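Below is one structure, written out as structure tokens; the observations come after it.
2 protein chains.
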Amino acid sequence: MSSILASLEVDLGERSYPIHIGQGLLDEGGLFRPFVDSGQVMIVSNEVVAPLYLERLERALEGLRVASVVLPDGEEFKNLETLNLVFDALLENRFDRGCTLVALGGGVVGDMTGFAAATYQRGVDFIQVPTTLLSQVDSSVGGKTGVNHPLGKNMIGAFHQPKAVIIDIDTLSTLPDRELSAGLAEVIKYGLIEDEAFFGWLEGKMAALRRREPAALAHAIERSCADKAAVVAEDEREAGKRALLNLGHTFGHAIETGMGYGEWLHGEAVGAGMCMAARLSRRLGWMSPEEVARVERLVDAAGLPTRPPALGADRFEALMAVDKKVQGGQLRLVLLRGIGKAVVTADFSRRALRELLQEEVGGEAGS
Amino acid sequence: MSSILASLEVDLGERSYPIHIGQGLLDEGGLFRPFVDSGQVMIVSNEVVAPLYLERLERALEGLRVASVVLPDGEEFKNLETLNLVFDALLENRFDRGCTLVALGGGVVGDMTGFAAATYQRGVDFIQVPTTLLSQVDSSVGGKTGVNHPLGKNMIGAFHQPKAVIIDIDTLSTLPDRELSAGLAEVIKYGLIEDEAFFGWLEGKMAALRRREPAALAHAIERSCADKAAVVAEDEREAGKRALLNLGHTFGHAIETGMGYGEWLHGEAVGAGMCMAARLSRRLGWMSPEEVARVERLVDAAGLPTRPPALGADRFEALMAVDKKVQGGQLRLVLLRGIGKAVVTADFSRRALRELLQEEVGGEAGS
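Line by line, the protein sequences give chains A and B.
Under my numbering, the first residue of the first sequence carries the number 267, and numbering increases by one thereafter.
Under my numbering, the first residue of the second sequence carries the number 267, and numbering increases by one thereafter.
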């Protein structure tokens, strides 16, 4: 039994595409076929996801010429060398410009498949089938694709929009709790940026989400995608408004880098980072203590940390400055004028930031 | 002393860009500066061209933050691995999204630099400085960038338009005669496709071109770029009209592959291929013997072969069918309804093609 619980359209002119969210959608070949022009489908997955779902999807696409390639799992394989495995598979199967790639997996699989689609024969179609909460609410919208370079994450890539995103929330049943929580960090982020009503809804439904109740999950994913789509539609190539999506990410980036990648999950660092943004906003007099407490309570309820690790204030500040949100030497942060009122600004007291860091991470190194 | 001999604008809406053709332009930093937003310039060249021209260009760009990367020379290095040398250089120099890449070299350097620009941080600016006649009249217009895969040429790439093309015809003084002739094949092609007046001009000026007279070269390059731009503007993503640019290429592709890549230069194969297209058109009654003789005379005057090597008719036909111009099992060819009147068609007698091949390449293998 399969059912679509929610659908939305990402409005990008002639590159618009639908997102379908539901249960059992992996079995619904009919959702895929309209986007397969030539009958050639290459499913790209990884070693963890493929054993769980690849065969089902292949069966759903019976009648088409389906091939697959299974990549090693993990961010450390998100590079040009692994990408080449996708090109190998496409060329060994003699797939032409009319072929369609399907990304079956989390964010790494999605980013790499999208980039392969952006560059195979100068661009072919692709469909996203994200199987983690993070990728469902993040990579589904925005068109960012790419791989890492030893000297920087996501340094090689392209903007390339999918033809469709098909989210089967049943796949979340196999997702570890910790990764579910990490995904919820991004969900909370959309509420905080400019959707206070959604933030309020999340306060009431966090327990249901962590129990993985389908209706709650479908709504949270739909709203997250819609909120992100609204931001991206205004600013597809990331100059102004899209920077709002980095709420919590400059602080989070410092945590991730400072701890060594992989120690904290990205979503965990973003959770603590959003709380830091809220607390800095309070220091600046932009937010009330009650609002900050609501942010911290919701992040905590999602199973995420609200406080950063003690990396040392100097080091933390230096790590923040490396983040690419620095423009012309000025550190720009996403801060809050209230819940649902995020702003991108370089216009804040550096002293307030300094005091925050000394209080929250200053314990250790004084170097 | 430097002087611009001709300029044109490639009209692609907001992605329009200028092509400047002249002498001594490598010393004209002022032509480059408007397209360098952040002050960061990465010159990409190869081992043959860099010793000749890199220092001069670096001097012309003094005051900007200029770095360079020198790639190994040759089509066999046009791959993802060599491409990574460009990303290494960009990241080691901490170049950001505002940087500009400059391609200083022939077609391979241009294709790779363009693809690096298309994908570095999801897209940065680049300027073409083509130093071979072929790249000046071919890669200057069209926006095709990419690298090869062991299983196919140009299989990995993107469409990415340069911000400007700066053609210093003085660089042709160091080009071997054979490569100059190969470039002239593409020049003749533009006349044949839809510019009979240009074809007539070439008949009168071929000797001057081979003597590398600047005024003649500048005009030939300008007209070739303008003709190609007119075709590409109508059909940027290559569905219909752009296929005309493949005149001589399906036959030529069979020659190149049949002989083993590198044995015949691309332009030499295209020269013979255009003559074959003309002779097949005559067999079909579409062209007069006099017109065919004009084509053969001009190709010969350019220092190019007018006849294919004896690869055997069966083999030659099979090699033609592998070319990507086959659609739905139908072989489509660019043929001539006269000089300056090329057409893309699958509507020709296969028997006439067969007879042509038996007469021209049938000598050998009957397999």
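We put the beta carbon where it would ideally sit given N, CA and C, even for glycine.
Bear in mind that the values here come from a model prediction, so they are computed numbers and not experimental data.
Count the other CB atoms within 10 Å of the CB of residue i; is the residue buried (16 or more) or exposed (fewer)?
i: A/Asp404; result: buried
i: B/Asp277; result: exposed
i: B/Met540; result: buried
i: B/Ala631; result: No answer about B/Ala631 holds up, because its pLDDT of 48 lies below 50 and its placement is not dependable.
i: B/Arg489; result: buried
i: A/Arg545; result: buried
i: B/Thr440; result: exposed
i: A/Gln402; result: buried
i: A/Ser447; result: buried
i: B/Glu280; result: exposed
i: B/Tyr319; result: buried
i: A/Gly449; result: buried
i: B/Gln394; result: buried
i: B/Tyr527; result: exposed
Compare the C-beta of residue i against all C-beta atoms of chain B and say whether one is closer than 8 Å.
i: A/His415; result: yes
i: A/Thr523; result: no
i: A/Ala355; result: no
i: A/Gly412; result: yes
i: A/Ala342; result: Ala is not the amino acid found at residue 342 of chain A; the sequence shown has Glu there. Chain B contact via Cβ: absent.
i: A/Thr500; result: Checking the displayed sequence, the identity of residue 500 of chain A turns out to be Glu instead of Thr. It does not; no Cβ of chain B falls within 8 Å.
i: A/Ala384; result: yes
i: A/Met421; result: yes
i: A/Glu358; result: yes
i: A/Asp613; result: no
How long is the line joining the alpha carbons of residue i and residue j, rounded to whole angstroms?
i: A/Arg363; j: A/Val390; result: 6 Å
i: A/Asp461; j: A/Val561; result: 13 Å
i: B/Met267; j: B/Phe301; result: 23 Å
i: B/Thr516; j: B/Thr611; result: 13 Å
i: B/Asp436; j: B/Gln289; result: 6 Å
i: B/Ala509; j: A/Val565; result: 57 Å
i: B/Ser633; j: B/Ala579; result: With a pLDDT of 40 at B/Ser633, under the threshold of 50, the predicted position of this residue should be treated as unreliable, though the coordinate-derived value follows. Cα to Cα, B/Ser633 sits roughly 9 Å from B/Ala579.
i: B/Ala295; j: B/Gly329; result: In the sequence on display, residue 295 of chain B carries Gly and not Ala. Distance between the alpha carbons of B/Gly295 and B/Gly329 is about 10 Å.
i: B/Met525; j: B/Val588; result: 15 Å
i: A/Gln624; j: A/Gly514; result: 18 Å
i: B/Leu327; j: B/Phe298; result: 8 Å
i: B/Val498; j: B/Val413; result: 21 Å
i: A/Gly418; j: A/Leu622; result: 28 Å
i: B/Arg581; j: B/Arg620; result: 12 Å
i: A/Tyr386; j: B/Ile422; result: 5 Å
i: B/Arg603; j: B/Leu346; result: 41 Å
i: B/Leu585; j: B/Gly518; result: 10 Å
i: B/Leu292; j: B/Gly371; result: 12 Å
i: A/Leu601; j: A/Ala543; result: 6 Å
i: B/Ser311; j: A/Phe425; result: 27 Å
Examine chain A for any beta-carbon lying closer than 8 Å to the beta-carbon of residue i, and answer yes or no.
i: B/Phe425; result: yes
i: B/Thr348; result: no
i: B/Gly418; result: yes
i: B/Ile207; result: Nothing can be reported for residue 207 of chain B: it is not among the residues displayed for chain B, which extend from 267 to 633.
i: B/Gln387; result: yes
i: B/Thr280; result: Going by the sequence as given, residue 280 of chain B is Glu instead of Thr. No, no contact with chain A.
i: B/Met553; result: no
Whose CA, out of the options, lies closest to the CA of residue i?
i: A/Ser547; options: A/Asp566, A/Ala608, A/Ala430; result: A/Ala608
i: A/Leu207; options: A/Asp443, A/Cys491, A/Ala492, A/Gly506; result: Beyond the ends of chain A as shown, which are 267 and 633, falls residue 207 of chain A; an answer cannot be given.
i: A/Ala568; options: A/Arg477, A/Ala463, A/Glu280; result: A/Arg477
i: B/Leu570; options: B/Asn350, B/Ile270, B/Ala481, B/Ala451; result: B/Ala451
i: A/Leu511; options: A/Glu556, A/Lys455, A/Glu280; result: A/Lys455
i: A/Gly409; options: B/Gly423, B/Arg388, B/Gln394; result: B/Arg388
i: A/Ala520; options: A/Gly506, A/Lys507, A/Val536; result: A/Val536
i: A/Pro480; options: A/Ile433, A/Gly457, A/Ala495, A/Glu469; result: A/Ile433
i: B/Pro396; options: B/Glu275, B/Arg617, B/Ala316, B/Ser282; result: B/Ala316
i: A/Ala463; options: A/Pro284, A/Asn420, A/His485; result: A/His485
i: A/Leu367; options: A/Ala496, A/Leu602, A/Ser304, A/Gly457; result: A/Ser304
To which residues does DSSP link residue i through a beta bridge?
i: B/Tyr527; result: Answer is none; B/Tyr527 lacks a bridge partner.
i: B/Ser311; result: B/Val336
i: A/Arg331; result: A/Gln306
i: A/Tyr283; result: A/Val276
i: A/Ile422; result: A/Val413, B/Tyr386
i: A/Ile270; result: A/Gly288
i: A/Asp493; result: Answer is none; A/Asp493 lacks a bridge partner.
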